[in-house]
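The listed protein sequences correspond, in order, to chains E and B. Per the working numbering: the first sequence = residues 1 to 138. Per the working numbering: the second sequence = residues 139 to 276. The C-beta atom is built at its ideal place from N, Cα and C for all residues, glycine as well. Below you'll find the structure, written out as structure tokens, and then a few comments.
Protein chains: 2
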Amino acid sequence: MNEIDKKLTDKEVRPTAMRTLVYQQLAKQNTAVALTDIELAFTKADRTTLYRTVKTFEEKGIVHQIDDGTGISKYALCEPGCNCEIENDLHLHFHCSNCDKTVCLTEHKIPQISLPDGYVAEDVNLVVKGICSGCSGS
Amino acid sequence: MNEIDKKLTDKEVRPTAMRTLVYQQLAKQNTAVALTDIELAFTKADRTTLYRTVKTFEEKGIVHQIDDGTGISKYALCEPGCNCEIENDLHLHFHCSNCDKTVCLTEHKIPQISLPDGYVAEDVNLVVKGICSGCSGS
DNA sequence: AAGTTAATGCACTTCCATTGCACTATAATT
DNA sequence: AATTATAGTGCAATGGAAGTGCATTAACTT
Numbered sequence: 001m002n003e004i005d006k007k008l009t010d011k012e013v014r015p016t017a018m019r020t021l022v023y024q025q026l027a028k029q030n031t032a033v034a035l036t037d038i039e040l041a042f043t044k045a046d047r048t049t050l051y052r053t054v055k056t057f058e059e060k061g062i063v064h065q066i067d068d069g070t071g072i073s074k075y076a077l078c079e080p081g082c083n084c085e086i087e088n089d090l091h092l093h094f095h096c097s098n099c100d101k102t103v104c105l106t107e108h109k110i111p112q113i114s115l116p117d118g119y120v121a122e123d124v125n126l127v128v129k130g131i132c133s134g135c136s137g138s
Numbered sequence: 139m140n141e142i143d144k145k146l147t148d149k150e151v152r153p154t155a156m157r158t159l160v161y162q163q164l165a166k167q168n169t170a171v172a173l174t175d176i177e178l179a180f181t182k183a184d185r186t187t188l189y190r191t192v193k194t195f196e197e198k199g200i201v202h203q204i205d206d207g208t209g210i211s212k213y214a215l216c217e218p219g220c221n222c223e224i225e226n227d228l229h230l231h232f233h234c235s236n237c238d239k240t241v242c243l244t245e246h247k248i249p250q251i252s253l254p255d256g257y258v259a260e261d262v263n264l265v266v267k268g269i270c271s272g273c274s275g276s
């Protein structure tokens with residue numbers, strides 16, 4: 001059993017051929033990708049399958065979904081220390097308005113947010129929009 | 139000329155009957171509303187008109203659009219000191235997963251975010267999801 | 001190998017966002 | 001006041017992404 005299949009098994013996801021390939025594809029990316037992007041990479045596979053594959057990954061904590069404000073859900077593999085389900089350990093995301101790519105700034109943690117009385121936080125989503133390093137030319 | 143029409147004129151928006159009514163409606167809300175909500179309040183008006191009215195408001199800085207992670211755009215009137223276009227003066231939004239309402243926490247400013255070299259921030263969107271004061275029963 | 005369960009593919013639906021075009025109202029000009 | 005120009009509104013239709021139901025196929029279990 002290879003690396004990827006072991007990772008999937010660890011997360012209680014049966015390593016089918018499709019899932020291994022999707023994982024591989026996600027691992028190649030350095031940005032968060034939309035379902036459409038994955039679809040384009042697997043023209044022979046059905047969109048629904050990819051959709052459900054990613055959803056399974058998400059439920060099992062293999063990827064996290066990112067809402068970057070474009071209205072299109074993006075997905076990225078959780079890093080080793082991602083813990084995206086644990087509050088206060090959330091990292092922020094950056095969406096480049098030039099190249100339209102979304103990256104996880106894993107090392108940039110979201111600061112503690114104070115809320116008015118009676119408000120209970122369960123999840124925090126912080127997206128910075130602007131120009132990424134690739135596009136700013138620096 | 140009444141209050142609302144003056145405000146619209148100040149922002150270079152011609153105060154039509156429709157626009158005045160939509161503004162009025164938005165002013166009544168204490169939460170950010172979806173286009174569908176506005177539509178329900180104006181059953182005789184066309185969805186497109188409302189859509190474009192809100193878009194116009196947005197362009198002219200009368201309302202700001204909120205992406206609360208539900209996938210449905212919400213809109214709220216800009217407060218007197220809103221300045222939603224100026225960075226570092228951005229407030230955060232709270233989306234209640236129980237009542238599904240989104241509120242602007244105007245007094246809660248978003249802290250300064252540090253970014254890696256080469257990244258230029260233009261806009262910041264911070265949404266906290268959880269239970270609002272109305273639903274938490276406190 | 002038979003049977004059970006999970007995964008996949010196809011077709012279809014829904015929902016919101018958005019656009020094109022015709023019509024109407026408002027403002028500007030003569 | 002009539003005419004023209006411009007902006008706003010309504011209707012119809014499109015598009016894109018998310019999601020569901022069901023039949024088929026593949027993968028595990030015994």
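Here's the rule: buried if 16 or more other CB atoms are within 10 angstroms of the residue's CB, otherwise exposed. What is E/Gly-69? Flag for E/Gly-69 reads buried.
Which residues share a DSSP beta bridge with E/Phe-42? In the DSSP output, where bridge partners are listed per residue, E/Phe-42 has none listed.
Using 9 Å as the limit for Cβ to Cβ distance, is B/Tyr-189 near chain E? So, not an interface residue.
7 Å Cβ cut-off: residues of chain B touching E/Leu-90: Listed along the chain, the chain B residues whose CB falls inside 7 Å of the CB of E/Leu-90 amount to none; the nearest CB is some 11 Å away.
B/Asp-148 - containing alpha helix (DSSP H), residue span: Counting along the chain, B/Asp-148 sits inside the alpha helix (DSSP H) bounded by residues 141-148.
Is any beta-carbon of chain E found at less than 9 Å from that of B/Glu-217? No, no contact with chain E.
Residues of chain B with CB closer than 7 Å to the CB of E/Pro-111, please, in chain order. In chain order: Pro-249.
Within 10 angstroms of the Cβ of E/Thr-53, are there 16 or more other Cβ atoms? Answer buried if so, exposed if not. Note on E/Thr-53: 16 or more other CB atoms within 10 angstroms of its CB, so buried under the neighbour-count rule.
Can you tell me where the beta strand (DSSP E) with E/Gln-65 in it begins and where it stops? Counting along the chain, E/Gln-65 sits inside the beta strand (DSSP E) bounded by residues 63-67.
Around the Cβ of E/Cys-99, are there at least 16 other Cβ atoms within 10 angstroms (buried) or fewer (exposed)? Around the CB of E/Cys-99, fewer than 16 other CB atoms lie within 10 Å, so the residue is classed as exposed.
Based on DSSP bridge pairs, tell me the residues matched to E/Thr-102. Bridge partners of E/Thr-102: E/Ala-32 and E/His-95.
Opposite B/Ser-211 in the DSSP bridges: which residues? Partner(s): B/Asp-205.
Alpha carbon to alpha carbon, how far is B/Lys-212 from B/Lys-267? Distance between the alpha carbons of B/Lys-212 and B/Lys-267: 15 Å.
Would you list the one or two residues that DSSP bridges to B/Leu-267? The displayed chain sequence assigns Lys, not Leu, to residue 267 of chain B. According to DSSP, which records beta bridges pairwise, B/Lys-267 is partnered with E/Asp-123 and B/His-233.
Limits of the unbroken alpha helix (DSSP H) element including E/Lys-55: Residues 47-59.
Any beta carbon from chain B within less than 9 Å of E/Glu-59's own beta carbon? Against chain B, the CB of E/Glu-59 has no partner CB under 9 Å away; the residue lies outside that interface.
Give, in chain order, every residue of the stretch 162-179 of chain B whose Cβ lies closer than 7 Å to some Cβ of chain E. Answer set for the stretch 162-179 of chain B: empty.
Return no unless some Cβ of chain E is closer than 9 Å to the Cβ of B/Ala-259. Yes, its Cβ sits closer than 9 Å to a Cβ of chain E.
Using 9 Å as the threshold, is the C-beta distance between E/Lys-60 and E/Val-22 below it? No.
Does the stretch 113-130 of chain E come into contact with the stretch 253-271 of chain B, if we say contact requires no fewer than three beta-carbon pairs (one atom in each stretch) closer than 8 Å? These segments touch.
Cβ of B/His-246 within 9 Å of any chain E Cβ: Proximity of B/His-246 to chain E, defined by a Cβ-Cβ separation below 9 Å, is satisfied.
With a threshold of 9 Å between beta carbons, is E/Val-127 in contact with chain B? Chain B contact via Cβ: present.
When E/Asp-67, E/Lys-28, E/Ile-66 and E/Ala-17 are compared against E/Leu-50, the one with the closest alpha-carbon: Comparing alpha carbon positions, the residue from E/Asp-67, E/Lys-28, E/Ile-66 and E/Ala-17 closest to E/Leu-50 is E/Ala-17.
With distances taken between CB atoms, is the gap from E/His-91 to E/Lys-109 smaller than 9 Å? Cβ distance < 9 Å, so E/His-91 and E/Lys-109 count as in contact.
Please name the residue, chosen from E/Ile-113, E/Glu-79, E/Lys-44 and E/Leu-40, that lies closest to E/Ala-27 on a Cα-to-Cα basis. Of E/Ile-113, E/Glu-79, E/Lys-44 and E/Leu-40, the residue nearest in Cα terms is E/Glu-79.
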